[in-house]
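Line by line, the protein sequences give chains A and B.
Residues in the first sequence are numbered from 1 upward in steps of one, following the numbering used here.
Residues in the second sequence are numbered from 1 upward in steps of one, following the numbering used here.
For each residue, glycine too, the CB sits at the ideal point set by N, CA and C.
Keep in mind that this is a model prediction, so the values were computed, not measured.
What follows is a short report on a single structure.
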Amino acid sequence: GAGVSQTPSNKVTEKGKYVELRCDPISGHTALYWYRQSLGQGPEFLIYFQGTGAADDSGLPNDRFFAVRPEGSVSTLKIQRTERGDSAVYLCASSSQGSYNEQFFGPGTRLTVL
Amino acid sequence: DQQVKQNSPSLSVQEGRISILNCDYTNSMFDYFLWYKKYPAEGPTFLISISSIKDKNEDGRFTVFLNKSAKHLSLHIVPSQPGDSAVYFCAASAPGTYKYIFGTGTRLKVLA
Chain A
1 GAGVSQTPSN KVTEKGKYVE LRCDPISGHT ALYWYRQSLG QGPEFLIYFQ
51 GTGAADDSGL PNDRFFAVRP EGSVSTLKIQ RTERGDSAVY LCASSSQGSY
101 NEQFFGPGTR LTVL
Chain B
1 DQQVKQNSPS LSVQEGRISI LNCDYTNSMF DYFLWYKKYP AEGPTFLISI
51 SSIKDKNEDG RFTVFLNKSA KHLSLHIVPS QPGDSAVYFC AASAPGTYKY
101 IFGTGTRLKV LA
């Protein structure tokens with residue numbers, strides 16, 4: 001079956017602009033996660049959804065970052081007033097439940113803020 | 001504060017030999033550990049996991065060992081194959097949380 005998909009695969013924007021990154025999880029997966037991977041680092045947790053609600057958003061770095069999952073499937077990560085330090089690969093993952101279930105990752109969106 | 005550490009950024013191994021990748025953690029609350037493999041331009045792919053109630057888990061050529069007293073885990077790949085060349089991430093999670101804490105990765109190169 002189809003895996004986790006993310007669009008766009010690459011996004012180049014200018015400092016101060018607004019961006020949206022989309023994630024389509026594996027069908028039927030109730031849990032969805034966003035991670036951010038900077039160069040030379042491992043993925044860093046941003047936010048976790050169980051169904052439509054954000055169960056843990058402790059990893060969002062500041063209030064410029066926001067994510068939604070209105071129907072419990074597709075999720076959008078929104079970044080306002082982008083800064084050069086936001087440049088990274090943004091990874092989405094989904095799992096069939098919350099804990100102790102393998103998270104399946106998408107290919108990521110590479111965001112570059114000029 | 002890096003709670004999961006992979007101190008070897010890279011490792012080269014001859015094809016057919018054993019690859020040993022190491023990971024250390026500082027949070028004694030972690031009770032579930034995983035290894036992911038990542039190829040360029042792809043997302044991480046799950047490889048193998050281990051619960052803290054075990055000290056070993058084996059899946060084909062891959063074995064993960066957990067030493068709770070030392071807060072150390074390792075991934076053994078035997079025999080290593082050129083297709084195993086990738087970046088390997090160790091990850092951990094604590095009870096009641098669903099997020100993974102990842103290490104910085106080890107780039108494995110298997111030489112033919």
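- Excluding sequence positions up to five before and after B/V13, its CB lies within less than 6 Å of the CB of S19, S80 and V110, all in the same chain and listed in chain order.
- Taking a 10 Å sphere around the C-beta of A/R69, we find 16 or more other C-beta atoms and assign the residue as buried.
- Per DSSP, reduced to three states, the secondary structure at A/D24 is strand.
- Put simply, the CB of B/P44 is near chain A, with a gap under 7 Å to one of its CB atoms.
- Checking the DSSP bridge columns, you'll see B/N22 partnered with B/S74.
- Interface with chain A (7 Å Cβ-Cβ cutoff): B/T104 is included.
- Within the region 67-93 of chain A, those residues whose Cβ lies closer than 7 Å to any Cβ of chain B are, in chain order, L91.
- DSSP lists B/F62 as the beta-bridge partner residues of B/D59.
- For a Cβ distance threshold of 8 Å, nothing in chain B lies close to A/F65: the least Cβ distance comes to about 15 Å.
- Within the same chain, Cβ atoms closer than 6 Å to the Cβ of B/L66 are found at I50, D55 and L73, the five residues on either side in sequence being excluded.
- Under the Cβ distance rule, B/F89 counts among the residues neighbouring chain A, one pair being separated by less than 7 Å.
- Excluding its 5 nearest sequence neighbours in each direction, A/G85 has no C-beta neighbour in its own chain below 6 Å.
- Identification of chain B residues near A/A31 by a Cβ-Cβ cut-off of 9 Å yields Y98, ordered along the chain.
- Within the DSSP bridge table, the entry for B/A92 names B/F33 and B/I101 as partners.
- In this structure, the alpha-carbon of A/E102 lies about 22 Å from that of B/K71.
- Taking 7 Å as the cut-off, the beta carbon of A/Y48 is found no closer than this to the beta carbon of A/L91.
- Less than 7 Å divides the Cβ of B/T106 from the Cβ of B/Y88.
- Under the Cβ distance rule, A/F105 counts among the residues neighbouring chain B, one pair being separated by less than 7 Å.
- A Cβ-Cβ distance of about 17 Å is found for the pair B/Y39 and B/A91, leaving them out of contact under the 8 Å criterion.
- If you check the CB distance, A/I26 and A/S94 come in under 7 Å.
- DSSP places A/S38 outside any beta strand (DSSP E), giving it a letter other than H or E.
- In this structure, A/T109 places its C-beta atom within 7 Å of the C-beta atom of A/Q6.
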